[in-house]
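Encoded as structure tokens, the structure appears first; notes follow it.
Numbering (this note's numbering), first residue to last: 5 to 88.
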């Protein structure tokens, strides 16, 4: 797992992963968001995102609501890292 993802735990499990990405300009940010959109459409999985002109915040929750983050979820996060 990329160490830039932050795990947000509850006492007995990881609830979600977060990552903030900074970009030098809007065009770079938009390019990443377009790649992220295409990837998520292909996977049928959609993390929560918020963004501004030069940043993107991504929150990734477990595929199985109420379950801890799984290896599959970490693999999805790593795939997102590959889009950067």
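A virtual CB, placed ideally from N, CA and C, is assigned to each residue, including glycine. These figures come from a predicted structure and were not determined experimentally.
Rounded distance between the beta-carbons of residue j and residue i, thought under 8 Å
i          : j          : result
residue 11 : residue 84 : 15 Å between Cβ atoms; not a contact.
Residues sharing a beta bridge with residue i, DSSP
i          : result
residue 11 : 21
residue 26 : 59
residue 53 : 62
Same chain, Cβ closer than 8 Å to residue i, neighbours up to 5 away in sequence not counted
i          : result
residue 63 : 20, 21, 22, 51, 52 and 53
residue 35 : none
Proximity of residue i and residue j at Cβ, strictly below 9 Å
i          : j          : result
residue 80 : residue 47 : yes
residue 69 : residue 49 : no
residue 39 : residue 87 : yes
Sequence-distant residues of the same chain with beta carbon closer than 6 Å to residue i, five excluded per side
i          : result
residue 9  : 21, 23 and 81
residue 65 : 20
Stretch pair the region 43 to 62 + the region 21 to 35: three plus CB contacts closer than 8 Å: yes
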